[in-house]
Every structure is written in structure tokens, then in C-alpha cells.
Amino acid sequence: MQNAEWFDAPDESGEPGLRFSCTMCGNCCTGPEGYVLVSNDEAAALAKRLGMTVPDFLARYTRETLRGRSLIEHATVFGADCIFLDREKIPGKAVCGVYEDRPAQCRTWPYWKSNLTSRWAWERARRTCPGIGQGPRSTPVQIRIARDVIDI
7 MQNAEWFDAP DESGEPGLRF SCTMCGNCCT GPEGYVLVSN DEAAALAKRL GMTVPDFLAR
67 YTRETLRGRS LIEHATVFGA DCIFLDREKI PGKAVCGVYE DRPAQCRTWP YWKSNLTSRW
127 AWERARRTCP GIGQGPRSTP VQIRIARDVI DI
């Protein structure tokens, strides 16, 4: 049995777990320069989606970092946007242009280890993400599964 974690405790509604629903604000896809790590399998899926070879995809859309291969970003008035973030498709929203094939790092937001170390860390993430605390509840088991996919 796993040790209890803070998100195992019932919240004000009496249920354990956490709520999240993407509002398409784009805050998790922009900011200071960072990493969006891409595995070989993810690069292959993204290349296929874009009708490119994997080497061409890697050369055009990624960079090598100390943590591994990362998607590139481009400077906008919002900060360093992910190369696949589209702020024009839906007025007032920020949409992922490769949503169905987005990397695990993106799929598991906000259930990253760094956001789940404490309730304080979760609340810190909530200040920049209006979707945290909204929408359907994820169970503690679902949260652990997402958290353990990638070490962020």
C-alpha cells in the first residue's frame, strides 16, 4: 500500500482527489524559456501528424537540452510560446495545434511531481492556471498514474 499523500484527504466537498479542466488560456504553454520534452515515440507521432520525416521534424521543431530533446518556442508578447500553440484559431483562446499527439509532459499537466509535492505547490500552480480546481475530479489513483509518467 502506498503512503497517504495530501491529495488523498477529502477536500471541502468531502471527496479525495483534485479537479482540473483546461480553459485554453495557454499559460502552461508559454512563459520563460523552458522544456517540453519529447520522446522518440512522441517525435515519430508528431512527425506523422505533420506529414514529415522524423529527422525533418526533429531539425525543424526541436532542440537538444540537458534534459533531452525539447520542442522549440517562439517569442510572443506572452513570453516564449510553444511552437505549436495557436492563439488565432479561436479568438481569446490558446489552442494546441497537435493536441491529439501532444507530448506526455503536456498530457499530464497539472499532475506533475513539482505541482504535487504539497498543497502549497498545488496552490502555487493554481495561481497561473485557471483550470486547476475546475471541472471533473481526478481520483488519487489517476493523479498518481499521471504524475509518474514523466519526472517534471
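For the sequence shown, counting from 1, position 59 maps to 65 in the numbering used here; every step adds exactly one.
Glycine included, C-beta positions come from ideal geometry on N, C-alpha and C.
None of the values given here were measured: they were computed from a predicted structure.
- Here Arg-69 is bridged, per DSSP, to Ser-76.
- Listed as beta-bridge partners of Gly-85 by DSSP are Thr-82.
- Under the 8 Å Cβ criterion, the segment 123-143 does not count as touching the segment 59-69, having fewer than three qualifying pairs.
- Under DSSP, Val-101 takes part in a beta bridge, and its partners are Asp-92.
- Around the beta carbon of Arg-125, fewer than 16 other beta carbons lie within 10 angstroms, which makes this residue exposed.
- With contacts defined as CB atoms closer than 8 Å, Ile-96 and Ile-89 fail to qualify as a contacting pair.
- The C-beta of Ala-53 has 16 or more other C-beta atoms within 10 Å across all chains shown, which makes the residue buried.
- The beta carbons of Gly-98 and Pro-38 sit no closer together than 8 Å.
- In this structure, Asp-14 lies near Pro-146, with their beta-carbon atoms less than 8 Å apart.
- Scanning its chain for C-beta atoms nearer than 7 Å, with the 5 sequence neighbours on each side dropped, one finds around Cys-34 the residues Trp-115 and Cys-135, in chain order.
- Here DSSP, grouped into helix, strand and coil, assigns Ile-138 to strand.
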